[in-house]
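Data block below; observations after.
2 protein chains.
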Amino acid sequence: MKRLDTTQPGFATGFDALLSSARDTTQRVDGAVAAIIAEVRARGDAALLELTARFDRWTPAGAAALRVSAEEIAAARQACRPELLDALDLAARRIERFHAAQMPQDLVLPEDGLTLGLRWGAVDAAGLYVPGGKAAYPSSVLMNAIPARVAGVERVVMVVPTPDGEVAPLVLAAAERAGVTEIWRVGGAQAVAALAWGTDSIMPVDKIVGPGNAYVAEAKRQVFGRVGIDSIAGPSEVVVLADAVQDPARVAMDLLAQAEHDEAAQSILITDSAALADRVAEAVEAALRTLPREAIARASWEAHGAILLVRDWDEGVRLCDRLAPEHLEVLVAEPEAIFARIRHAGAAFLGEWCPEAVGDYVAGPNHVLPTGRTARFASGLSVFDFLKRTTWVSATEAGLHRVGPAAVTLAEAEGLGAHARSIAMRLGQ
Amino acid sequence: MKRLDTTQPGFATGFDALLSSARDTTQRVDGAVAAIIAEVRARGDAALLELTARFDRWTPAGAAALRVSAEEIAAARQACRPELLDALDLAARRIERFHAAQMPQDLVLPEDGLTLGLRWGAVDAAGLYVPGGKAAYPSSVLMNAIPARVAGVERVVMVVPTPDGEVAPLVLAAAERAGVTEIWRVGGAQAVAALAWGTDSIMPVDKIVGPGNAYVAEAKRQVFGRVGIDSIAGPSEVVVLADAVQDPARVAMDLLAQAEHDEAAQSILITDSAALADRVAEAVEAALRTLPREAIARASWEAHGAILLVRDWDEGVRLCDRLAPEHLEVLVAEPEAIFARIRHAGAAFLGEWCPEAVGDYVAGPNHVLPTGRTARFASGLSVFDFLKRTTWVSATEAGLHRVGPAAVTLAEAEGLGAHARSIAMRLGQ
Numbered sequence: 001m002k003r004l005d006t007t008q009p010g011f012a013t014g015f016d017a018l019l020s021s022a023r024d025t026t027q028r029v030d031g032a033v034a035a036i037i038a039e040v041r042a043r044g045d046a047a048l049l050e051l052t053a054r055f056d057r058w059t060p061a062g063a064a065a066l067r068v069s070a071e072e073i074a075a076a077r078q079a080c081r082p083e084l085l086d087a088l089d090l091a092a093r094r095i096e097r098f099h100a101a102q103m104p105q106d107l108v109l110p111e112d113g114l115t116l117g118l119r120w121g122a123v124d125a126a127g128l129y130v131p132g133g134k135a136a137y138p139s140s141v142l143m144n145a146i147p148a149r150v151a152g153v154e155r156v157v158m159v160v161p162t163p164d165g166e167v168a169p170l171v172l173a174a175a176e177r178a179g180v181t182e183i184w185r186v187g188g189a190q191a192v193a194a195l196a197w198g199t200d201s202i203m204p205v206d207k208i209v210g211p212g213n214a215y216v217a218e219a220k221r222q223v224f225g226r227v228g229i230d231s232i233a234g235p236s237e238v239v240v241l242a243d244a245v246q247d248p249a250r251v252a253m254d255l256l257a258q259a260e261h262d263e264a265a266q267s268i269l270i271t272d273s274a275a276l277a278d279r280v281a282e283a284v285e286a287a288l289r290t291l292p293r294e295a296i297a298r299a300s301w302e303a304h305g306a307i308l309l310v311r312d313w314d315e316g317v318r319l320c321d322r323l324a325p326e327h328l329e330v331l332v333a334e335p336e337a338i339f340a341r342i343r344h345a346g347a348a349f350l351g352e353w354c355p356e357a358v359g360d361y362v363a364g365p366n367h368v369l370p371t372g373r374t375a376r377f378a379s380g381l382s383v384f385d386f387l388k389r390t391t392w393v394s395a396t397e398a399g400l401h402r403v404g405p406a407a408v409t410l411a412e413a414e415g416l417g418a419h420a421r422s423i424a425m426r427l428g429q
Numbered sequence: 001m002k003r004l005d006t007t008q009p010g011f012a013t014g015f016d017a018l019l020s021s022a023r024d025t026t027q028r029v030d031g032a033v034a035a036i037i038a039e040v041r042a043r044g045d046a047a048l049l050e051l052t053a054r055f056d057r058w059t060p061a062g063a064a065a066l067r068v069s070a071e072e073i074a075a076a077r078q079a080c081r082p083e084l085l086d087a088l089d090l091a092a093r094r095i096e097r098f099h100a101a102q103m104p105q106d107l108v109l110p111e112d113g114l115t116l117g118l119r120w121g122a123v124d125a126a127g128l129y130v131p132g133g134k135a136a137y138p139s140s141v142l143m144n145a146i147p148a149r150v151a152g153v154e155r156v157v158m159v160v161p162t163p164d165g166e167v168a169p170l171v172l173a174a175a176e177r178a179g180v181t182e183i184w185r186v187g188g189a190q191a192v193a194a195l196a197w198g199t200d201s202i203m204p205v206d207k208i209v210g211p212g213n214a215y216v217a218e219a220k221r222q223v224f225g226r227v228g229i230d231s232i233a234g235p236s237e238v239v240v241l242a243d244a245v246q247d248p249a250r251v252a253m254d255l256l257a258q259a260e261h262d263e264a265a266q267s268i269l270i271t272d273s274a275a276l277a278d279r280v281a282e283a284v285e286a287a288l289r290t291l292p293r294e295a296i297a298r299a300s301w302e303a304h305g306a307i308l309l310v311r312d313w314d315e316g317v318r319l320c321d322r323l324a325p326e327h328l329e330v331l332v333a334e335p336e337a338i339f340a341r342i343r344h345a346g347a348a349f350l351g352e353w354c355p356e357a358v359g360d361y362v363a364g365p366n367h368v369l370p371t372g373r374t375a376r377f378a379s380g381l382s383v384f385d386f387l388k389r390t391t392w393v394s395a396t397e398a399g400l401h402r403v404g405p406a407a408v409t410l411a412e413a414e415g416l417g418a419h420a421r422s423i424a425m426r427l428g429q
């Protein structure tokens, strides 16, 4: 953990190091991924079956066996504790409600002789990559699939690797609850290739979302353009702004909730109280020893954690905006007022009763968020990721006479003769 | 030009060939671009000066000389014909109005004990790449810069190469009218690198938009992640749906207005009238001979043009959706009804008084649009490209008691102990 104080010399250097520290240690796998994509494009289902046998250590009976059946989904649901299904349902309902509220309105701007419009529409089909094994989080299935369904996507196709043929029942239950329409037992770059290019069994989709390992991320990069993709997520991070009166144990646990995700995760406390800084540092040490994922959380905190002591919240707000964190907790006397001054963050949690973990599961906003300072220009997953716009114009003859001459003038200035003629000939010129 | 008839054998094969024809002949320049970006990152302004001398054939007196001064902009404006400035102003006003109407509202969803919100905000700074020389279109300056300004971006930084030190006065006038706040005489991959990483003279931006050559496109790809980028545009295209009563000469000119952009552009007529198909084919030949850009338009039409004869508009609509064209003209009896059935297009122009060229200049919607069938999932440039969302949640103690237990259940099921504890300890558990 790095501790920095804005009143000390060397702060700027230390903060710049924090900003530019590369936490992402993604391997270079572009050649391997390009070969896998080429295989799937050339040989379709046969390639999927071979790659599944090789990487996931089970041999599907045929391409049809890659699809998870309705009976298997029903059985998975039966295998889940009712308490878990209830929690999943509460989360799903809240996520649905928040995302439904985001749905934008079409625009129609009638004016004299011309009408302008903007129409929103959903993509036809979306693919959702779900990591297999231990990284298969049912909450992420909800967060990725529900915005697609709320946006109006008809086909929501989930792919999930099933190492040794196994898949977590709660993941299938979450997929069913979220409205996923097809589930395929295939993962890695081969699954992304199948979603982008299609095979005899799996119809192609238009947009691919969801987290994955280095191969999956690289495959998404390589199929981008053929299909849309969501952003490529880096390691997760949180900035907690906390004043002197906050409970150090709670602040510490909030920092560690981020750190336990991944050794490359980053947790930063910004405080105007040296006493709180001390107490949180101690509380982190105490809490670490109680955690099931102590080793991961400790590695993250030691390598990437930071406590920044600021003179006041003007300074705190400025530093926070430079960090543009994925997650932001505002634990100060008037959190709304401080949040109003912060321009860049993926998702904010205001006040002492709103730890970030609430947002990971049940609050309603999405937990797929921009990492690595990209909140300066990027946003969390939403219905907008599954919608696209078509603008339209209609005109009467009088309308064309009103605006056409200016267009002819500009087209001629740009040397585009057919552009100019296509208008001028309708104006009788 | 390829002519296909849905009633003839071989239609499906011919149409698939049309769909999959690769018109984009971008060179591979990734190595050269990576070297230029590394130079600019390492040596900043000095690298910009050297690269400008090498590629643009003029030697700036120093980094300050790269910036276009207010006096130069005023002089450029003086050098433009008043008629052109008036046309530019009419276009700008209409583009501003349409984009202002797109601005989304913030969301606040109060509920018992929890409040959920979504706040829109602009990026701090946007970079706009404008090609130099003959490809410098003032209309594109308006289309790229106005959405940024309307979205609320404070710094809009234009970069434009000035081969032999020259820049079109109307391009500078358009930049001024559109609200560009800085103009730099630098182009190529080096300009993109400067916008993404900053130099002593040019402060970095958060988002880079605008068209460019293969080097510029590759540079945008390489800086993506560090900054946001707009989509990488391919060659332009139009689909015209036209019925028997349309004027063949007008339809032909509309097709050629697309073809004259670029040898790789594509113009496709879909009609239910064999007679119109014949007459348009003849009219294209006649019109080609009258065009200043005949050679380009002819090359495009011969290599990529197509006329598709359909049985009815059910078929026409289906084919159109598979093409998902950048531009769509609907020249049929009830254009609104046909347009309502089409799901995928970048921008539509409805009825005989609305040729696509109106949209290129003065209608109001953006002319930066998704090419190469990406309208299936992508949209034209808009204020949304310069906005990002921050979601937020606030809670009372009672609110946390209402939703917290479900979050604890899910966090425990996912094995994330600190997540569960951060909530449970606030619930007094």
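Same order as they appear, the protein sequences are chains X and B. Residue 366 in the UniProt record's numbering sits at position 366 of the first sequence; the count goes up by one each step and never skips. Residue 377 in the UniProt record's numbering sits at position 377 of the second sequence; the count goes up by one each step and never skips. The C-beta atom is built at its ideal place from N, Cα and C for all residues, glycine as well.
Examine the Cβ distances between the segment 220-230 of chain B and the segment 253-266 of chain B and report whether three or more of them are shorter than 8 Å. When Cβ pairs closer than 8 Å are counted between the two stretches, the segment 220-230 of chain B is seen not to touch the segment 253-266 of chain B, the count staying below three.
Using 9 Å as the threshold, is the C-beta distance between residue 361 (chain B) and residue 406 (chain X) below it? Residue 361 (chain B) places its beta carbon less than 9 Å from that of residue 406 (chain X).
From the DSSP output, read off the bridge partner residues of residue 338 (chain B). None; residue 338 (chain B) has no bridge partner.
If we require 3 or more residues per run, which beta strand (DSSP E) segments fall completely within the segment 278-346 of chain B? Listed in chain order, the complete beta strand (DSSP E) runs (minimum 3 residues) inside the segment 278-346 of chain B are 306-309 and 327-331.
For residue 3 (chain B), the residue or residues it bridges with in DSSP: Residue 3 (chain B) pairs with B:307.
Compute the distance between the beta-carbons of residue 423 (chain X) and residue 413 (chain X), then report whether it is under 9 Å. No, Cβ-Cβ distance for residue 423 (chain X) and residue 413 (chain X) is not below 9 Å.
Please list, in chain order, the chain B residues whose beta carbon lies closer than 8 Å to that of residue 425 (chain X). 249, 250 and 253, listed in chain order.
Residue 126 (chain B) - containing beta strand (DSSP E), residue span: Taken as a continuous stretch (DSSP letters only), the beta strand (DSSP E) holding residue 126 (chain B) covers 125-129.
On the CB-based measure, 16 or more other CB atoms within 10 Å of its CB, does residue 415 (chain X) come out buried or exposed? Exposed, since its Cβ has fewer than 16 Cβ neighbours within 10 Å.
So, for residue 321 (chain B): in the same chain, excluding its five sequence neighbours on each side, which residues have a beta-carbon less than 8 Å away from its beta-carbon? The answer, listed in chain order, is 342, 343 and 344.
For the alpha helix (DSSP H) that residue 13 (chain B) lies in, which residues bound it at each end? Note, residue 13 (chain B): alpha helix (DSSP H), 11-20.
With 16 as the cutoff for other CB atoms within 10 Å, does residue 272 (chain X) come out buried or exposed? Around the beta carbon of residue 272 (chain X), 16 or more other beta carbons sit within 10 angstroms, so the residue counts as buried.
Let me check understanding here. Comparing Cα to Cα, which of X:167, X:368, X:348 and X:373 lies closest to residue 79 (chain X)? Looking from the CA of residue 79 (chain X), the closest CA among X:167, X:368, X:348 and X:373 belongs to X:167.
If you follow the alpha helix (DSSP H) that residue 93 (chain X) is part of, which residue opens it and which one closes it? 82-101 is the extent of the alpha helix (DSSP H) around residue 93 (chain X).
Name the chain X residues whose beta carbon is nearer than 9 Å to that of residue 349 (chain B)? Ordered by position in chain X, the residues that pass the 9 Å Cβ test against residue 349 (chain B) are 392, 393, 394 and 395.
What runs of the beta strand (DSSP E), each 3 residues or longer, lie entirely inside the segment 121-195 of chain X? Whole beta strand (DSSP E) segments, 3+ residues: 125-129, 155-159 and 182-184.
Residue 194 (chain B) to residue 182 (chain B) span [Cα, whole Å]: Straight-line measurement puts the Cα of residue 182 (chain B) at about 13 Å from the Cα of residue 194 (chain B).
C-alpha distance - residue 355 (chain X) paired with residue 426 (chain B), whole-angstrom precision: Taking the straight line joining both Cα atoms gives about 9 Å.
9 Å is my cut-off, CB to CB: does residue 370 (chain X) come that close to chain B? By this cut-off, residue 370 (chain X) is an interface position.
Taking the beta carbon of residue 27 (chain X) as the centre, do at least 16 other beta carbons fall within 10 Å, making it buried, or is it exposed? Only exposed fits residue 27 (chain X), as fewer than 16 other CB atoms lie within 10 angstroms of its CB.
Looking at the C-beta of residue 361 (chain X), does it have a partner C-beta in chain B at a distance below 9 Å? For residue 361 (chain X), the answer is yes, since a Cβ of chain B falls inside 9 Å of its Cβ.
Would residue 374 (chain B) be called buried (16 or more neighbouring beta carbons within 10 Å of its own) or exposed? The residue in question, residue 374 (chain B), is buried, as its Cβ has 16 or more Cβ neighbours within 10 Å.
Do residue 117 (chain B) and residue 106 (chain B) have their C-beta atoms within less than 9 Å of each other? Taking 9 Å as the Cβ cut-off, residue 117 (chain B) and residue 106 (chain B) qualify as a contacting pair.
Is there a C-beta anywhere in chain B that falls below 9 Å from the one on residue 364 (chain X)? Answer yes: the Cβ-Cβ gap between residue 364 (chain X) and chain B drops below 9 Å somewhere.
Pull up the DSSP beta-bridge partners for residue 117 (chain B), would you. According to DSSP, residue pairing for residue 117 (chain B) in a beta bridge involves B:108 and B:392.
Nearest by alpha-carbon distance to residue 392 (chain X): which of B:399, B:339 and B:242 is it? Relative to residue 392 (chain X), the option among B:399, B:339 and B:242 whose CA is nearest is B:339.
So, helix, strand or coil for residue 246 (chain B), using DSSP? Here residue 246 (chain B) sits in coil by DSSP.
What does residue 379 (chain B) touch in chain X if you count any residue whose Cβ is under 7 Å from its own? Those within 7 Å of residue 379 (chain B) in chain X are 388 and 389.
Where residue 137 (chain B) meets chain X, residues with beta-carbon distance less than 7 Å: Per Cβ cutoff of 7 Å: 414.
Residues bridged to residue 410 (chain B) [DSSP beta-bridge criterion]: For residue 410 (chain B), which the question treats as bridged, DSSP gives no partner whatsoever.
To the nearest angstrom, how far is the alpha carbon of residue 88 (chain X) from that of residue 101 (chain X)? Residue 88 (chain X) and residue 101 (chain X) have their C-alpha atoms some 20 Å from each other.
Report all residues from its chain with a CB closer than 6 Å to the CB of residue 47 (chain X); omit the five preceding and five following residues, and keep chain order. Only residues of its own chain outside the window of five on either side were considered, and among them 39 and 40 have a CB closer than 6 Å to the CB of residue 47 (chain X), listed in chain order.
Could you tell me which chain X residues have their CB closer than 7 Å to the CB of residue 176 (chain B), listed as they occur along the chain? By Cβ distance, chain X contributes nothing, its closest Cβ being about 16 Å from residue 176 (chain B), past 7 Å.
Can you tell me which of the three DSSP states residue 267 (chain X) falls into? In this structure, residue 267 (chain X) counts as strand in the three-state DSSP scheme.
For residue 275 (chain B), the three-state DSSP class (helix, strand or coil): Helix at residue 275 (chain B).
Just the C-alpha distance for residue 8 (chain X) and residue 315 (chain X), rounded to the nearest angstrom, thanks. Taking the straight line joining both Cα atoms gives about 14 Å.
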